[in-house]
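Just below is one structure, and these are the notes that go with it.
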Amino acid sequence: MSKRKRRTFTKEQKADAVRLVRTSGESIGTVARNLDIGENSLRQWV
């Protein structure tokens with residue numbers, strides 16, 4: 017069983033994801049799935 021590699025996101029990527037959550041009207045879970053980001057990670061950024 018291999019470990020997952022931890023991904024890093026730039027400040028710009030985080031800001032874009034947060035902006036999407038705030039302006040799109042979509043849930044955090046939906047935006048996270050669409051961007052292939054962990055829901056908990058996105059929740060912490062918001």
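Just so you know, we're using the working numbering here: the sequence shown kicks off at 17 and counts up by one. C-beta atoms are modelled at their ideal positions from N, C-alpha and C, and glycine is treated no differently. It should be emphasised that the depicted structure is a prediction, and the values quoted were computed from it without experimental measurement.
Around the beta carbon of valine 62, fewer than 16 other beta carbons sit within 10 angstroms, so the residue counts as exposed. Ranked by Cα distance from phenylalanine 25, the options Lys19, Ser18 and Val34 are led by Val34.
Scanning its chain for C-beta atoms nearer than 7 Å, with the 5 sequence neighbours on each side dropped, one finds around glycine 45 the residues Glu55, in chain order.
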